[in-house]
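Presented below is the structure to which this report refers.
Residue numbers (my numbering), protein chains in the order written: chain A, 1 to 264; chain B, 1 to 300.
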């Protein structure tokens, strides 16, 4: 297996004064080019910390992240993040939010007109070109998240990192956006690492599901291949035995073997 | 049933005769809402303007009644107006020295405030950014700021006179030192409150420090900065009058002091009126500027 993104023996220990707490222990994971991998686990298991380490926003205590066999330890546009709460800058329009990233990433390689076209291209990819001059406060939560995705895609990242991208959305919007992300993945072939706590979402979208044990010292408990053909259709999968089996496996892991212990 | 219908028709005609005169029938529904919205606007404006006018009128009447009797130490409004008629009608005269119209006194004061306040805005935002951004700068500077900001403006005046040996720079310095603290403190709070997410976005996009400052920090902290700037302009205007009373020369503060020395009580009252109005306008100016600049910045 060709490792495109490699998480190599990652430990993360938070130290505050004399108290230290080990959040992640010995995380090893290799991701192929074009693969869609989800990380699932109960809240507080450190999955967001893991994503931040891959993004370079947090440093690992031990171990490191290799992207195309080169260590990455600071944030950069090759690992664009779609944040949970969209993180659009409220004083910029939809267009300007994407433009901020495009101008910076393609400052030398694209002309002004090309950058403008590239912004609009990415906004059309997420069906948001019509709202280019709106401010984030004027569009719905789902639309904001679409723009967040457009901003990340526009950086042409090697790996797209999604931090619970649909967590703050209502069920219908979420389903709609999941379909969009699936279609984009199909079309563009991005390598995607997604954090989620939604079992259906993980099974529907992923090629592999990485299940994390509970913290402290969370580890990778199990990795499940999802052998479902693409493109996947939400409605057909609802009765598909392969889908149900995968779903069952994840549920068993999360609720039987590693059930969430309140105030552990 | 027919009465209300007739009524609306009548009012529509009264408010928008053009609509009634329009020969094309389809024009009418388009025009009537506009006329209605004008009427509503006029009504809302009246609702805001009429109550303070009534209160002011009542206060003037009470003041007149109290001060009209003989031997009263303060003049009634009618006498104030009579005494200061010339000053009101001709604010632009200039007889040399400090014998100038009120316009010149006010503009001299405003000029001092403009210098001092501009310096305070620049220094305040710069220092506030430093203190908000760097933990060590905050630990080092914050206690100092907390002590210095409690010193009353006029207490600085003798010291600055000693340092500058001239009234003009001393007054500007007093304005500066008065208004700089709220600007520093509010800017620092604004910078410290920039959401983690915006910093993450900047990190992923790899903005350099200068781009981060102009594209993220300034807009994100702008609402806080303008709170500080607004408090600052109020304090500068408070301080200038007091400072000018002491340094003399042309300026509304010294005008008041001079009027007191010549027992022109009516002139003092007129000057106070102008000081109040200008203070109010300055406050609204900064608030309006803040509104324009921070449009859309409020988190959603």
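We put the beta carbon where it would ideally sit given N, CA and C, even for glycine.
For residue 7 (chain A), does the three-state DSSP call read helix, strand or coil?
strand
Assign residue 35 (chain A) to one of three DSSP states: helix, strand, or coil.
coil
Please determine, among A:5, A:256 and A:130, the residue with the shortest C-alpha to C-alpha distance to residue 36 (chain A).
Selected option, being the one with the closest Cα: A:5.
May I ask you to verify whether the stretch 191 to 205 of chain B touches the stretch 59 to 77 of chain A, counting CB pairs closer than 8 Å and requiring at least 3?
Here the stretch 191 to 205 of chain B makes contact with the stretch 59 to 77 of chain A; the two share three or more CB pairs at distances below 8 Å.
List the endpoints of the continuous alpha helix (DSSP H) containing residue 156 (chain A).
Taken as a continuous stretch (DSSP letters only), residue 156 (chain A) belongs to no alpha helix (DSSP H), as it is neither H nor E.
Please look up how many angstroms separate the CB atoms of residue 41 (chain A) and residue 211 (chain A), rounded, as I've assumed it's under 8 Å.
7 Å
CB-CB under 6 Å to residue 38 (chain A), same chain, minus the five flanking residues each way: which ones, in chain order?
194, 196, 202, 206 and 209
Report the three-state DSSP secondary structure of residue 25 (chain A) (helix, strand or coil).
strand
Would residue 46 (chain A) and residue 12 (chain A) be called neighbours here (beta carbons separated by less than 8 Å)?
yes
So that I know if they touch, is there some Cβ in chain B lying closer than 8 Å to that of residue 67 (chain A)?
no
Going by DSSP, what residues sit across from residue 299 (chain A) in a beta bridge?
What is shown of chain A runs 1 to 264, which leaves residue 299 (chain A) out entirely.
Note down, in chain order, every chain A residue with its Cβ under 8 Å from the Cβ of residue 198 (chain B).
87 and 89
Return the residues of the stretch 175 to 207 of chain B that lie within a Cβ-Cβ distance of less than 7 Å from chain A, sorted by chain order.
197, 198, 200, 201, 203, 204, 205, 206 and 207
I'd like to know whether the C-beta atoms of residue 232 (chain B) and residue 187 (chain B) end up nearer to each other than 8 Å.
no
How many whole angstroms separate the CB atoms of residue 139 (chain A) and residue 129 (chain A), which I take to be in contact at a CB cut-off of 8 Å?
Actually they do not touch by this definition, with Cβ atoms about 13 Å apart.
Using a Cβ cut-off of 9 Å, pull out every chain A residue sitting near residue 215 (chain B), in sequence order please.
Below the 9 Å Cβ cutoff, chain A contributes 89, 92 and 100 as neighbours of residue 215 (chain B), in chain order.
From this set, A:54, A:204 and A:236, which residue's C-alpha is nearest residue 10 (chain A)'s C-alpha?
Residue 10 (chain A) has its Cα closest to that of A:54, out of A:54, A:204 and A:236.
Going by the DSSP bridge assignment, what does residue 225 (chain A) pair with across the sheet?
A:208, per the DSSP bridge assignment.
Under 8 Å, with one C-beta from each stretch per pair, do the stretch 246 to 264 of chain B and the stretch 70 to 80 of chain B reach the 3-pair mark?
no
To the nearest angstrom, how far is it from the Cα of residue 132 (chain B) to the Cα of residue 228 (chain B)?
Note on geometry: alpha-carbon atoms of residue 132 (chain B) and residue 228 (chain B) lie some 14 Å from one another.
Starting from the C-beta of residue 286 (chain B), find all residues in its chain whose C-beta is less than 6 Å away, skip the five residues before and the five after it, and write them out in chain order.
229, 230 and 233
Might you give, ordered along the chain, the residues of its own chain that have their beta carbon closer than 7 Å to the beta carbon of residue 306 (chain A), omitting 5 neighbours on each side?
Nothing about residue 306 (chain A) can be read from this structure; chain A reaches only from 1 to 264.
Taking all protein chains shown into account, do 16 or more other C-beta atoms lie within 10 angstroms of the C-beta of residue 24 (chain B), making it buried, or fewer, making it exposed?
Confidence in residue 24 (chain B) is poor, its pLDDT being 46 and thus under 50, which makes the residue's placement unreliable; the coordinate value appears in the next sentence. Classification for residue 24 (chain B): exposed.
With residue 215 (chain A) and residue 23 (chain A) assumed to form a contact (beta carbons below 8 Å), what rounded beta-carbon distance in angstroms separates them?
6 Å
Compute the distance between the beta-carbons of residue 230 (chain A) and residue 186 (chain A), then report whether it is under 8 Å.
yes
Only counting runs of 4 or more residues, tell me where the alpha helix (DSSP H) segments fall wholly within the stretch 94 to 164 of chain B, in order along the chain.
102 to 133, 135 to 148 and 157 to 164
By the criterion of Cβ-Cβ separation under 8 Å, what are the contact partners of residue 104 (chain A) in chain B?
205, 206, 207 and 211
Which same chain residues end up closer than 6 Å to residue 173 (chain B) when comparing Cβ atoms and leaving out the 5 residues on each side of it in sequence?
160
Starting from residue 194 (chain A), trace the beta strand (DSSP E) in both directions and tell me its first and last residue.
191 to 196
Between the stretch 94 to 111 of chain A and the stretch 150 to 157 of chain A, are three or more C-beta pairs nearer than 8 Å?
yes
What's the C-alpha gap between residue 192 (chain B) and residue 65 (chain B)?
Between residue 192 (chain B) and residue 65 (chain B), the C-alpha separation is close to 55 Å.
Which residue from B:40, B:71 and B:226 puts its Cα closest to that of residue 289 (chain B)?
Minimum Cα distance to residue 289 (chain B) is reached at B:226.
Report the neighbours of residue 219 (chain B) on chain A: residues whose CB is nearer than 9 Å to its CB, in chain order.
89, 90, 91 and 92
Would a check of beta-carbon distances place residue 167 (chain A) closer than 8 Å to chain B?
no
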